[in-house]
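Accompanying notes for the structure given below.
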Amino acid sequence: MIEVRFHGRGGMGVKMSAHLLGLTAFFSGKQTQDFALYGAERRGAPVTSFTRYDKKTVRERGYIQYPNAIVILDETLNFDIMIHGLKKDGFIIINSTKDPQYFKRKFKIKNPVYCIDATNIALKHLKKPIANTAVLGSLIKFLGLPLKNLEKAIDSALKERGHPEMIKQNIETIKETYKVIK
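This is the structure in structure tokens:
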């Protein structure tokens, strides 16, 4: 089973990130589960969301304590809390312009850390600083999920939420971030 934990603030698309990853895995033939954790105060407050997927039925319930991957949309949040429990073979993707070595040294991280300037890529394509889809382009590459299935997930989710005009820009965003991370 693959488990991913997302961290950010309300209004950054943290919940949508988990949902889009879940849809992408579903379109890839996996059984999925996605959900979020947040309080009554949403915009600007810390939000955590989760996605699990597997070839077989996902019976596990509850928060993801030991993720395979951690995605951090806001680097100003408490890192000790965000990186806690990462599996030994796991990795971290951070929305940041900083060098990954900065985070590895400062927080004594042994796992691979990848930084992507997702906010500026989102501004370029979406004209908004909402980096959630930008980060997903890189994440699915590491997870081995097909880009076409993330495109399908974006199409489905944005049509469902009444935003079909945003599909093309979001797909351009994920295509760029899919290429950026090596």
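Be aware that the sequence shown starts at 174, since it is given in my numbering, and climbs by one per residue. Note that the Cβ used here is the ideal one computed from N, Cα and C, for glycine as well.
**Item:** 8 Å Cβ shell around K301 - same chain, five flanking residues per side excluded
**Value:** Indexing the sequence shown from 1 puts residue 301 at position 128. Cβ contact annotation for K301 (same chain, cutoff 8 Å, sequence separation greater than five): A295, in chain order.
**Asked** Alpha carbon to alpha carbon, how far is T361 from F252?
**Response** Examination of residue 361 is not possible in this model, given that the chain is present from 174 through 355 alone.
**Item:** Helix, strand or coil at I354 [DSSP, three-state]
**Value:** As a first step, residue 354 is located in the sequence shown; it is residue number 181 there, counting from the start. It is coil, neither helix nor strand.
**Item:** Separation of T346 from A307, as counted between CA atoms
**Value:** Looking up residue 307 in the sequence shown gives position 134. Looking up residue 346 in the sequence shown gives position 173. A307 and T346: Cα-Cα distance of roughly 5 Å.
**Message:** Can you tell me whether Q206 is buried or exposed? The criterion is at least 16 other CB atoms within 10 Å of its CB, across all chains shown.
**Reply:** Walking along the sequence shown from the start, residue 206 turns up at place 33. Buried, by the Cβ-count rule.
**Prompt:** With burial defined as no fewer than 16 other Cβ atoms inside 10 Å of the residue's Cβ, what is the status of K188: buried or exposed?
**Reply:** As a working mapping, residue 188 is identified with position 15 in the sequence shown. Classification for K188: buried.
**Message:** Since L259 and N284 should fall inside the 8 Å C-beta cutoff, what is the C-beta to C-beta distance between them, to a whole number of angstroms?
**Reply:** Within the sequence shown, numbered from 1, the residue matching residue 259 stands at position 86. Within the sequence shown, numbered from 1, the residue matching residue 284 stands at position 111. With a Cβ gap of about 6 Å, L259 and N284 count as contacting.
**Prompt:** From L193 to I282, what distance separates their C-alpha atoms?
**Reply:** Taking the sequence shown and counting its residues from 1, the one referred to as residue 193 is at position 20. Taking the sequence shown and counting its residues from 1, the one referred to as residue 282 is at position 109. Computed Cα separation, rounded: 27 Å.
**Asked** What are the complete alpha helix (DSSP H) segments, minimum 4 residues, inside the segment 278-343?
**Response** Whole alpha helix (DSSP H) segments, 4+ residues: 291-299, 305-316, 320-333.
**A209 - containing beta strand (DSSP E), residue span** = For the purposes of this step, residue 209 is identified with residue 36 of the sequence shown, where counting begins at 1. That run of the beta strand (DSSP E) goes 204-210.
**Asked** If we count Cβ pairs, one from each stretch, closer than 8 Å, do we get three or more for the segment 256-272 versus the segment 237-244?
**Response** yes
**Prompt:** By Cβ distance, which residues of its chain are closer than 7 Å to I344, with the 5 residues on each side in sequence left out?
**Reply:** By 1-based counting over the sequence shown, the position of residue 344 is 171. Correct list, in chain order: E324, I327.
**Asked** Hey, out of S201, I256, R216, L210, whose CA is closest to G235's CA?
**Response** Working through the sequence shown from its first residue, we reach residue 235 at position 62. Comparing Cα-Cα distances from G235 to each of S201, I256, R216, L210, the minimum goes to L210.
**Asked** Which whole-angstrom value is the C-beta distance of I289 and V353, which I expect to be below 8 Å?
**Response** Here residue 289 refers to the residue found at position 116 when the sequence shown is read from its first residue. Here residue 353 refers to the residue found at position 180 when the sequence shown is read from its first residue. Approximately 6 Å separates the beta-carbon atoms of I289 and V353; this is inside 8 Å, confirming the contact.
**Prompt:** Straight-line CA distance for V177 to I313?
**Reply:** On the sequence shown, position 4 is the one that residue 177 refers to. On the sequence shown, position 140 is the one that residue 313 refers to. Each residue's alpha carbon lies about 11 Å from the other.
**Request:** Note down the Cα distance separating M174 from G186, rounded to an integer number of angstroms.
**Result:** Indexing the sequence shown from 1 puts residue 174 at position 1. Indexing the sequence shown from 1 puts residue 186 at position 13. Rounded to the nearest angstrom, the two C-alpha atoms are 24 Å apart.
**Item:** Cβ-Cβ distance between L250 and H180 below 8 Å
**Value:** Sequence index remark: in the sequence shown, residue 250 carries index 77 (1-based). Sequence index remark: in the sequence shown, residue 180 carries index 7 (1-based). Contact: yes.
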